[in-house]
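**Q** Next up is a structure, given as structure tokens.
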Amino acid sequence: MNLIKEHYDRLYENSIQQIRENNYSIDNQIDSVSDKRFGLTLIIRPDTETKNKIQVFLDELKEIDPDQYYYPNSDIHITVMSIISCYDDFDVASISILDYVAIIEKSLADIGKIEINFQGVTASPSAIMLQGFTNTNSLNDLRNNLRTQFKDSGLEQSIDKRYSIQTAHSTVARFRKPISNKEKLLAIVEKYRDYNFGKFKVDGYYLVYNDWYQREKRVKELHKFI
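Every position in the sequence shown, counted from 1, becomes a number in the numbering used here once 13 is added.
Here it is in structure tokens:
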């Protein structure tokens, strides 16, 4: 946990400095009707109580800067593994879903129960995220199983091509317009820096066909693993 916390702390310090210096990134594709990027992802969804606490935080941010992109409860998630990273015109009909399900089931076989605690917030130059901490190494064990199984499968995959995921963070806001009141927005982020949003037990994993932002209207649930 200490290494994960150090990672979140470094990310926060570096990103907040960049935001203060106007070196943050605006995502111009959020509102694009021509965005055709889709992928295949294994995700975890927090429980409703935790998500409702997250919305209290997001509501405070919305009051200061309503033009940014804030995740509704339906879209909040933790990425276990981006199996096929989003790319233009990826069509789920081009793959055998059952083959992917079989590999994920095999990867889950020896994985123990996982509990995730959302404790505090961090940031990137383009987004605000919740800091997720797990009670065991089971999540990373699962990710390593998936890496090994898919590497040897011959199936289409792009695991770790963008970056090697190590944390249980959840992106909850993205910058889609210039920040209108930077100091007030950052003050709210700092207020929630160590806030405990809640702890939940993972009761399932979802294999989804998704757009870049995991928007409910553009996500197709392919399989739930219990």
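For every residue, glycine included, the Cβ atom is placed at its ideal position computed from N, Cα and C.
State buried or exposed for leucine 111, treating a residue as buried only when at least 16 other CB atoms are found within 10 Å of its CB.
**A** Per the 10 Å Cβ criterion, exposed.
**Q** With distances taken Cα to Cα, identify the nearest neighbour of aspartate 154 among Gln144, Ile127 and Pro138.
**A** For the residues Gln144, Ile127 and Pro138, the minimum Cα distance to aspartate 154 belongs to Ile127.
**Q** Using only the alpha-carbon positions, how far apart do alanine 115 and phenylalanine 131 sit?
**A** The straight-line gap from Cα to Cα measures roughly 30 Å.
**Q** How would you call threonine 61, buried or exposed, if buried means at least 16 neighbouring beta carbons within 10 angstroms?
**A** By the 10 Å Cβ count, threonine 61 comes out exposed.
**Q** Can you look up lysine 190 in the DSSP assignment and give me helix, strand or coil?
**A** Of the three classes helix, strand and coil, the one that applies to lysine 190 here is coil, per DSSP.
**Q** What residue range does the beta strand (DSSP E) around arginine 50 cover?
**A** Element bounds for arginine 50: 50-57.
**Q** Hey, out of Leu143, Arg175, Asn194 and Ile129, whose CA is closest to isoleucine 150's CA?
**A** One detail in the question is off: residue 150 reads as asparagine in this sequence, not isoleucine. Among Leu143, Arg175, Asn194 and Ile129, the Cα nearest to that of asparagine 150 is on Ile129.
**Q** Taking Cβ to Cβ, would you say alanine 181 is nearer than 8 Å to glycine 145?
**A** Yes, Cβ-Cβ distance for alanine 181 and glycine 145 is below 8 Å.
**Q** Just tell me which of Leu16, Arg160, Val69 and Gln81 has its CA closest to the CA of valine 93.
**A** That would be Arg160, whose Cα lies nearest to the Cα of valine 93.
**Q** For arginine 187, verify whether its CB is less than 7 Å away from any heavy atom of the ligand ADP.
**A** Absence of the ligand ADP from the depicted structure is noted, as is the absence of any ligand whatsoever, leaving it without description.
**Q** What are the boundary residues of the beta strand (DSSP E) that includes lysine 212?
**A** That run of the beta strand (DSSP E) goes 209-214.
**Q** Taking a contact to mean a Cβ-Cβ separation below 8 Å, would you say tyrosine 82 touches leucine 71 in this structure?
**A** Contact: no.
**Q** By the DSSP assignment, the beta strand (DSSP E) with tyrosine 100 in it spans what residues?
**A** It spans 91-101 - the beta strand (DSSP E) in which tyrosine 100 sits, taken as one unbroken run.
**Q** Out of Tyr222, Lys212, Pro59 and Ile141, which one is the CA nearest neighbour of isoleucine 192?
**A** Closest by alpha carbon: Ile141.
**Q** Have a look at the DSSP bridge pairing and note the partners of threonine 161.
**A** Beta-bridge pairing links threonine 161 to no other residue.
**Q** Measure the C-alpha to C-alpha separation of aspartate 88 and tyrosine 226 and round it to an integer number of angstroms.
**A** If I take the Cα positions, the gap works out to 8 Å.
**Q** Under the three-state reduction of DSSP, which class applies to isoleucine 124: helix, strand or coil?
**A** Here isoleucine 124 sits in coil by DSSP.
**Q** Taking DSSP as the reference, what is the three-state secondary structure of glutamine 170?
**A** Note: glutamine 170 maps to coil in three-state DSSP.
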